[in-house]
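> Protein chains in written order, with my numbering: chain A, 108 to 216; chain D, 56 to 231. Where is the CB? At the ideal position from N, CA and C, for every residue including glycine.
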Amino acid sequence: MPRDAGLPPGTLMMLVLRVLVRQPLHGYAIAQRIRQLSADELSVEEGSLYPALQKLLVKGWVKATWRESDSGRQVREYRLTASGKQQLEAEIGEYRRMTGAIDVLLKEA
Amino acid sequence: MAIIREFIRRLGYLVRRRKMEDELLREMEAHRALMEDPRAFGNTLRLREEARDAWGWNWLDDLVQDTRFAWRTLRHSPGFVVTAIVTLALGIGVNIGMFTVVNGLLLRPLYERPGQVVSICGRSTAPDGGIRGISYPNYLDLEAGTTSVFSNLAASSTAFVGLDAGEGRVAQWRPE
Numbered sequence: 108m109p110r111d112a113g114l115p116p117g118t119l120m121m122l123v124l125r126v127l128v129r130q131p132l133h134g135y136a137i138a139q140r141i142r143q144l145s146a147d148e149l150s151v152e153e154g155s156l157y158p159a160l161q162k163l164l165v166k167g168w169v170k171a172t173w174r175e176s177d178s179g180r181q182v183r184e185y186r187l188t189a190s191g192k193q194q195l196e197a198e199i200g201e202y203r204r205m206t207g208a209i210d211v212l213l214k215e216a
Numbered sequence: 056m057a058i059i060r061e062f063i064r065r066l067g068y069l070v071r072r073r074k075m076e077d078e079l080l081r082e083m084e085a086h087r088a089l090m091e092d093p094r095a096f097g098n099t100l101r102l103r104e105e106a107r108d109a110w111g112w113n114w115l116d117d118l119v120q121d122t123r124f125a126w127r128t129l130r131h132s133p134g135f136v137v138t139a140i141v142t143l144a145l146g147i148g149v150n151i152g153m154f155t156v157v158n159g160l161l162l163r164p165l166y167e168r169p170g171q172v173v174s175i176c177g178r179s180t181a182p183d184g185g186i187r188g189i190s191y192p193n194y195l196d197l198e199a200g201t202t203s204v205f206s207n208l209a210a211s212s213t214a215f216v217g218l219d220a221g222e223g224r225v226a227q228w229r230p231e
């Protein structure tokens, strides 16, 4: 259940998939990246990040592998799969359609 | 296809749940260690439970837990168990008995193909046209003449007899 104040409902999975496009990341890095890229506007709580990641794994949109990080720590990295890329495109399309409709309504109504 | 693959993946989580839960724990500990303020991570036990929810087997855990709890509770009160079982058995038994009777007598036809069974009777030619019986010779003629129509024919007759009602015999009517 998304309950982050900083994220519009239903967008968390899309954002996670999006930041994984460039390179595989572990959970902490995903949260950091979302915060940095949004200039601190969007924040992901651990309480909703991990359920979302498990959901992405079950759906087969990401794959997880353990790796030793540069600081010598064992981290679990998530990598986007082919079906994850398709899903991301579908979600972005749906998101643009929705925000476009809302924009039109805000201007015209 | 995607749904089937997802289900198989879910099954994998069920079968290897120990390992998966362990991975979740290690992953969250690693995350916590990276944070500036690890306390901000929150309750890992609760977070793990919420994350596990995505695997879709929490209902199974709940079911097992509830069943165990019910079993323990019932073992401590055998009298209640016996009462409950007897009550259920009586209730179900009586209902099955009643339904068997109603089903046999009222719901199902008493014989097969009831639509093919007809009754034949004579009718008076008088204006009031009352229903009359058929004589035995007429019945025999009827039987002989309708072999291509009816597969079977049967006749019945009514006889009135007197019964002793306590004050000696009261003969009412006797055939012949």
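Just checking: is the beta-carbon of Asp116 (chain D) within a distance shorter than 8 Å of some beta-carbon in chain A?
Residue 116 (chain D) sits at position 61 when you count from the first residue of the second sequence. False, the Cβ-Cβ gap to chain A never drops below 8 Å.
> Can you list, in chain order, the residues of its chain whose CB lies under 6 Å from that of Trp126 (chain D), leaving out five sequence neighbours each side?
To locate residue 126 (chain D), count along the second sequence from 1; it is residue 71. For Trp126 (chain D), where only same-chain residues beyond five positions count, there are no Cβ hits under 6 Å.
> Among D:Trp114, D:Thr99, D:Thr155 and D:Gly188, whose alpha-carbon lies nearest the alpha-carbon of Ala214 (chain D)?
One-based indexing of the second sequence puts residue 214 (chain D) at position 159. Taking only the C-alpha atoms, the option nearest Ala214 (chain D) is D:Gly188.
> Per DSSP, what kind of secondary structure is Arg64 (chain D) in: helix, strand or coil?
On the second sequence, position 9 is the one that residue 64 (chain D) refers to. Note: Arg64 (chain D) maps to helix in three-state DSSP.
> Does DSSP put Tyr202 (chain A) in a helix, a strand or coil?
Stepping through the first sequence from its first residue, residue 202 (chain A) is reached at position 95. If DSSP states are grouped into helix, strand and coil, Tyr202 (chain A) belongs with the helices.
> Based on DSSP bridge pairs, tell me the residues matched to Glu184 (chain A).
The sequence position of residue 184 (chain A) within the first sequence is 77, counting from 1. A:His133 and A:Thr172.
> Please list the terminal residues of the continuous alpha helix (DSSP H) segment that includes Thr142 (chain D).
Within the second sequence, the letter at position 87 stands for residue 142 (chain D). It spans Pro133 to Val157 - the alpha helix (DSSP H) in which Thr142 (chain D) sits, taken as one unbroken run.
> Going by Cα to Cα distance, which pick from D:Glu222, D:Leu161, D:Ala199 and D:Tyr68 is closest to Leu164 (chain A)?
Residue numbering aside, residue 164 (chain A) sits at position 57 when the first sequence is read from its first letter. Leu164 (chain A) has its Cα closest to that of D:Tyr68, out of D:Glu222, D:Leu161, D:Ala199 and D:Tyr68.
> Kindly indicate if chain D contains any beta-carbon less than 8 Å away from that of Asp210 (chain A).
One-based indexing of the first sequence puts residue 210 (chain A) at position 103. Taking Cβ atoms only, chain D never reaches closer than 8 Å to Asp210 (chain A), which makes this a no.
> Compare the Cα-Cα distances from Glu76 (chain D) to each of A:Tyr157, A:Tyr202 and A:Arg129 and report the closest residue.
Reading the second sequence from its first residue, position 21 is the one you call residue 76 (chain D). Cα-wise, what sits closest to Glu76 (chain D) is A:Tyr157.
> State buried or exposed for Leu132 (chain A), treating a residue as buried only when at least 16 other CB atoms are found within 10 Å of its CB.
The residue labelled residue 132 (chain A) in the question sits at position 25 within the first sequence. By the 10 Å Cβ count, Leu132 (chain A) comes out buried.
> Taking Glu167 (chain D) as the query, report the chain A residues whose CB atoms sit under 8 Å from its CB, ordered along the chain.
In the second sequence, counting from the first residue as 1, residue 167 (chain D) sits at position 112. Chain A residues near Glu167 (chain D): none, gap ~57 Å exceeds 8 Å.
> Please list, in chain order, the chain A residues whose beta carbon lies closer than 9 Å to that of Met83 (chain D).
Counting from one through the second sequence, the residue named residue 83 (chain D) turns up at place 28. What Met83 (chain D) touches in chain A: Gly134, Glu153 and Tyr157.
> Any C-beta of chain A sitting closer than 8 Å to the C-beta of Ala125 (chain D)?
By one-based count along the second sequence, residue 125 (chain D) stands at place 70. It does not; no Cβ of chain A falls within 8 Å.
> Does DSSP classify Arg87 (chain D) as helix, strand or coil?
Taking the second sequence and counting its residues from 1, one reaches residue 87 (chain D) at position 32. The answer is helix: DSSP assigns Arg87 (chain D) an H, G or I state.
> Of all Cβ atoms in chain A, is any one closer than 8 Å to the Cβ of Trp112 (chain D)?
Here residue 112 (chain D) is taken as the residue at index 57 of the second sequence, counted from 1. No, no contact with chain A.
> Which first and last residues belong to the alpha helix (DSSP H) in which Arg107 (chain D) is found?
Residue 107 (chain D) sits at position 52 when you count from the first residue of the second sequence. Note, Arg107 (chain D): alpha helix (DSSP H), Thr99 to Arg107.
> Consult DSSP for Gly207 (chain A) and reduce its assignment to one of helix, strand or coil.
Here residue 207 (chain A) is taken as the residue at index 100 of the first sequence, counted from 1. DSSP places Gly207 (chain A) in helix when its eight states are reduced to three.
> When the Cα of Met90 (chain D) is compared with those of A:Gln194, A:Ala138 and A:Leu149, which residue comes out closest?
Within the second sequence, residue 90 (chain D) is the residue found at index 35, counting from 1. Among A:Gln194, A:Ala138 and A:Leu149, the Cα nearest to that of Met90 (chain D) is on A:Ala138.
> Mind checking if Lys162 (chain A) is an interface residue toward chain D, Cβ cutoff 8 Å exclusive?
Within the first sequence, residue 162 (chain A) is the residue found at index 55, counting from 1. Chain D, which has a Cβ nearer than 8 Å to the Cβ of Lys162 (chain A), makes this yes.
> Considering only the alpha carbon of each residue, which of D:Ser179, D:Leu79, D:Asn193 and D:Thr202 lies closest to Ala171 (chain A)?
As a position in the first sequence, residue 171 (chain A) is number 64, starting the count at 1. With distances taken between Cα atoms, Ala171 (chain A) lies closest to D:Leu79.
> If you compare alpha carbons, which of A:Arg140, A:Arg125 and A:Gly167 is closest to Ile59 (chain D)?
Along the second sequence, read from residue 1 onward, the residue named residue 59 (chain D) stands at position 4. Closest by alpha carbon: A:Gly167.
> With DSSP run on the structure shown, which of helix, strand or coil describes Ser184 (chain D)?
Counted from its first residue, the second sequence places residue 184 (chain D) at position 129. Note that residue 184 (chain D) corresponds to Gly in the displayed sequence, not to Ser. Of the three classes helix, strand and coil, the one that applies to Gly184 (chain D) here is coil, per DSSP.
> Distance check for Arg107 (chain D) and Arg73 (chain D), CA to CA, integer angstroms please.
Residue numbering aside, residue 73 (chain D) sits at position 18 when the second sequence is read from its first letter. Residue numbering aside, residue 107 (chain D) sits at position 52 when the second sequence is read from its first letter. So the two alpha carbons sit approximately 11 Å from each other.
> With three or more beta-carbon pairs closer than 8 Å as the criterion, would you say the segment 82–96 of chain D touches the segment 181–192 of chain A?
The answer is yes - the segment 181–192 of chain A touches the segment 82–96 of chain D, with three or more Cβ pairs under 8 Å.
> In chain D, what lies closer than 8 Å to Gln181 (chain A) by C-beta?
The residue you call residue 181 (chain A) lines up with position 74 of the first sequence. Going along chain D in sequence order, the residues near Gln181 (chain A) (Cβ under 8 Å) are Arg81 and Ala85.
> Strictly below 7 Å CB to CB, what residues from chain A border Arg65 (chain D)?
Counting from 1 along the second sequence, the entry for residue 65 (chain D) is found at position 10. Near Arg65 (chain D) (Cβ distances below 7 Å), the residues of chain A are Val165.
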